[in-house]
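Numbering (numbering that gives the first Met the number 0), first residue to last: 0 to 164. These notes concern the structure reproduced below.
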Amino acid sequence: MMQNYIVVSRKNLQKPQEAPKFYAMARSGRKVSVKDVCKRISERSSYSKGELEGCIGEFLLEILNVLSEGNIVQLGDLGNFRMSIKTGTPTKTEKEFTTSCIKQGRVLFYPGNDLRKLCKTMDFTLYKPDAKAETDGKPKPPATSGENAHGGGGSGHSEAPDPGL
């Protein structure tokens, strides 16, 4: 199993006088849809693509239902989903605290043994854009830390390390 990465420079905003340091940032490949996953499974099993799409669709809906009930979804050695709450306005006393102090709910995922093992045994390769990614016959320069370096949306900041790994 291989994970591509790029190297980006980052300044420590708490110590702006220090020179930037270089960090690895995961470079994802393509997005694989549920339909693609179902097609891959159907090619190696007796289940049809339609059966799998129906089952997985219902499974995903049930995950939402279980989480909305305030329960934890355990997916075996893959990991667990659970809900958390983000407080917007803390109060000085317990009596003052009401539901209006809660900003929003959040979904947390905790990787299980299979994903932890995957992370520990993964090989890493420096991402090099191929010749197909050329523009006007010139290779496309790699993204810098200020640009969309990871290839997806978002703020351009790398993910926080998982303290459980």
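Don't be surprised by glycine CBs; every beta carbon is placed ideally from N, CA and C. Nothing here was measured: the structure is a model prediction, and the numbers come from that model.
Taking each of T92, I62 and I101 in turn and checking the Cα distance to I84, the smallest one comes out for I101. Per DSSP, the beta-bridge partners of F123 are Q2.
For G111, the closest of G49, Q73, E95 and S47 by C-alpha to C-alpha distance is Q73.
Out of S67, K20, L51 and R26, the CA that lies nearest to the CA of D35 is found in L51. If the five residues before and after S45 are omitted, its C-beta is found closer than 7 Å to no C-beta atom of its own chain. Cβ-Cβ distances below 6 Å link D122 to M1 in the same chain, with the five nearest sequence neighbours on each side left out; the list follows chain order. Between I55 and V33 a beta carbon distance of about 6 Å is seen, short of the 8 Å cut, so the two are scored as contacting. Counting only runs of 4+ residues, the alpha helix (DSSP H) found wholly inside the region 14-54 occupies 33-43, in chain order.
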